[in-house]
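Let me begin by presenting the structure, written as structure tokens, before commenting on it.
2 protein chains.
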Amino acid sequence: MEDQVQVFQEFLSRKGLKLTRPRREILDAVFGLHEHFDAPRLHQTLRGIKSDISMATIYRTLPLLEEAGLIQHSLRASSRDVYEHIYGHPLHVHWICSRCSKVQETPLNSLQDQLQKEAEGINFNLDEVNIQVRGICWKCRNSENEIQ
Amino acid sequence: MEDQVQVFQEFLSRKGLKLTRPRREILDAVFGLHEHFDAPRLHQTLRGIKSDISMATIYRTLPLLEEAGLIQHSLRASSRDVYEHIYGHPLHVHWICSRCSKVQETPLNSLQDQLQKEAEGINFNLDEVNIQVRGICWKCRNSENEIQ
DNA sequence: CCTTGTATTGAGAATCAGTCGCATCTTTCT
DNA sequence: AGAAAGATGCGACTGATTCTCAATACAAGG
């Protein structure tokens, strides 16, 4: 439990930065959410709970969390910067329905090995993988006739 | 040559819309660029060449091109809406270097088949695939020691 | 416990992308 | 040429993200 705090802490000191109250609260909020989020939503969440951390601080902290490998940019349907926390989560594929915008996730499985091989082929030091697939989910396929 | 014009033309008339001068010029500009682009860059390009098509028109046209299957949303490092034209291009993997931000592309190859299989597994009607991999490219790996 | 240098923060201004409403053109069809 | 429907440009507007800067908080040394 609270592994992510350690990770962040270590990352910060390695860079000569400090784990301050605002940073800690943002970290907690991020790992308290179990969905994708963006800066405004995070701000709302934090405000709801207790503190009034400024947008500026949130926008400053997210890149740090990303650099520390705790969160990653997620693919987005909208035009905002969307993140999700990944520490302790396996990499996955996002299946995005073009109709209802719902997002399902499945694990990478064997795809990862292949990507790894290709990475070696071009001498690329692979860090993160994001796979986004768009199409129509089964629910919408079924109700396709009604709408159109 | 100029296949994309036909495709767009047909798409438009199917929807009762017209292939106007601005739309045509945007289409040309899009297929004249051989990199990823966003609305502002497109605007700049168009301005440089000749016409003064408004941002509003560009923002209205891009979704049409997307719906026509001529371009697709690309994954982005920044916070803007980035597109690339795909008509006549095979699907590919984006290799993004976290250090120098350069983007390389490789074809999907066998990954596509696997995704297709997984799609069938969850009864998902696969349309588009975007794969983004982040890491460090060979150039940056080599010069890693110097900077740090 | 005080001092000092450095990192941080909040608030608000400033940007910038993307959207919208509307009066004015274009295109198409007759 | 005239009418109807679709398009466009302009400018206002919204909302996200960045920037600036003065005020704080913190760690280390005295």
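So the protein lines, in turn, are chains R and H.
Read in my numbering, the first sequence has 80 at position 80, and its numbers run on one by one without any break.
In short: position in the second sequence from 1, add 1000, done, that's my numbering.
Note that the Cβ used here is the ideal one computed from N, Cα and C, for glycine as well.
Among residues of its own chain, excluding the 5 on either side of T1061/H, which ones have a beta-carbon nearer than 6 Å to its beta-carbon? Along the second sequence, read from residue 1 onward, the residue named residue 1061/H stands at position 61. Taken in chain order, the residues that qualify are R1023, I1026.
Measure from the C-beta of S1013/H to each C-beta in chain R and report whether the shortest distance is under 8 Å. Here residue 1013/H refers to the residue found at position 13 of the second sequence. S1013/H does not count as touching chain R.
Could you tell me which of R141/R, M55/R, V103/R, Q9/R sits nearest to Q132/R, measuring between CA atoms? Here residue 132/R refers to the residue found at position 132 of the first sequence. That would be V103/R, whose Cα lies nearest to the Cα of Q132/R.
Would you kindly work out how many angstroms separate the C-alpha atoms of F31/R and F1124/H, rounded to a whole number? The residue you call residue 31/R lines up with position 31 of the first sequence. The residue you call residue 1124/H lines up with position 124 of the second sequence. If I take the Cα positions, the gap works out to 30 Å.
Inter-residue spacing [alpha-carbon to alpha-carbon] between G16/R and M1055/H: Here residue 16/R corresponds to residue number 16 of the first sequence, with the count starting at 1. Here residue 1055/H corresponds to residue number 55 of the second sequence, with the count starting at 1. For G16/R and M1055/H, the distance between alpha carbons rounds to 44 Å.
Terminal residues of the beta strand (DSSP E) in which L1126/H lies: What you label residue 1126/H is simply residue 126 of the second sequence in a count that begins at 1. Unbroken beta strand (DSSP E) run through L1126/H: 1125-1136.
Chain-ordered neighbours of G1135/H on chain R, where CB pairs are closer than 8 Å: Indexing the second sequence from 1 puts residue 1135/H at position 135. Correct list: A119, F124, N125, L126, D127, E128.
At 9 Å on the CB atoms, spell out the chain H contacts of Q104/R, in chain order. Here residue 104/R corresponds to residue number 104 of the first sequence, with the count starting at 1. Correct list: I1122, F1124.
By Cβ distance below 6 Å, which residues in the same chain neighbour K1139/H in space, the five residues on each side in sequence not counted? The residue labelled residue 1139/H in the question sits at position 139 within the second sequence. Within the same chain, K1139/H has no close Cβ partners at all.
For the beta strand (DSSP E) that T106/R lies in, which residues bound it at each end? Start at 1 with the first residue of the first sequence, and residue 106/R comes out as number 106. Counting along the chain, the beta strand (DSSP E) containing T106/R begins and ends at 103-107.
Hey, could you find the ends of the alpha helix (DSSP H) I96/R is sitting in? Counted from its first residue, the first sequence places residue 96/R at position 96. Element bounds for I96/R: not the alpha helix (DSSP H) but the beta strand (DSSP E), 92-97.
Any beta carbon from chain H within less than 8 Å of L111/R's own beta carbon? Here residue 111/R refers to the residue found at position 111 of the first sequence. Closer than 8 Å: yes.
List, from N- to C-terminal side, the beta strand (DSSP E) runs of 3 residues or more that fit wholly inside the region 5-73 of chain R. 71-73
Just to confirm, are T1106/H and I122/R a CB contact at a threshold of 8 Å? By one-based count along the second sequence, residue 1106/H stands at place 106. By one-based count along the first sequence, residue 122/R stands at place 122. Yes, the Cβ-Cβ distance between T1106/H and I122/R is below 8 Å.
Assuming Q1004/H contacts L1070/H under a Cβ cut-off of 8 Å, what Cβ separation, rounded to an integer in Å, is found between them? Position 4 of the second sequence, counted from the start, is the residue given in the question as residue 1004/H. Position 70 of the second sequence, counted from the start, is the residue given in the question as residue 1070/H. About 6 Å; that satisfies the 8 Å criterion.
Output the distance between the C-alpha atoms of M19/R and Q44/R, rounded to the nearest integer angstrom. Start at 1 with the first residue of the first sequence, and residue 19/R comes out as number 19. Start at 1 with the first residue of the first sequence, and residue 44/R comes out as number 44. Position check: residue 19/R holds Leu in this sequence, whereas Met was assumed. Each residue's alpha carbon lies about 22 Å from the other.
Compare the C-alpha of A1068/H against each of F1008/H, R1041/H, V1093/H and name the closest. One-based indexing of the second sequence puts residue 1068/H at position 68. The option with the nearest alpha carbon to A1068/H is F1008/H.
Go ahead and label E1118/H buried or exposed: buried means 16 or more other beta carbons lie within 10 angstroms of its beta carbon, across all protein chains shown. Your numbering for residue 1118/H matches position 118 in the second sequence. Buried, because 16 or more other Cβ atoms sit within 10 Å of the Cβ of E1118/H.
Mind checking whether A1029/H and L1012/H have CB atoms under 8 Å apart? As a position in the second sequence, residue 1029/H is number 29, starting the count at 1. As a position in the second sequence, residue 1012/H is number 12, starting the count at 1. No; because the gap between Cβ atoms is not below 8 Å, this pair is not in contact.
Which chain R residues sit within Cβ distance under 9 Å of Q1114/H? For the purposes of this step, residue 1114/H is identified with residue 114 of the second sequence, where counting begins at 1. Neighbours of Q1114/H on chain R, chain order: N109, S110, L111, Q114.
Is it buried or exposed, H94/R, if we count other Cβ atoms within 10 angstroms and call 16 or more buried? Mapped onto the first sequence, residue 94/R falls at position 94. When all chains shown are included, H94/R counts as buried.
Taking R1141/H as the query, report the chain R residues whose CB atoms sit under 9 Å from its CB, ordered along the chain. The residue labelled residue 1141/H in the question sits at position 141 within the second sequence. Going along chain R in sequence order, the residues near R1141/H (Cβ under 9 Å) are N123, F124, N125.
Consider the Cβ of I1131/H: report whether some Cβ of chain R lies at a distance smaller than 8 Å. Within the second sequence, the letter at position 131 stands for residue 1131/H. Chain R contact via Cβ: present.
What whole-angstrom Cβ distance do L1115/H and L1126/H have, given they're in contact under 8 Å? Residue 1115/H sits at position 115 when you count from the first residue of the second sequence. Residue 1126/H sits at position 126 when you count from the first residue of the second sequence. Rounded, the Cβ-Cβ distance is 7 Å, consistent with contact.
Paired residues, beta bridge with E944/H - DSSP: In the structure as shown, chain H begins at 1001 and stops at 1148. Residue 944/H is therefore absent and cannot be evaluated.
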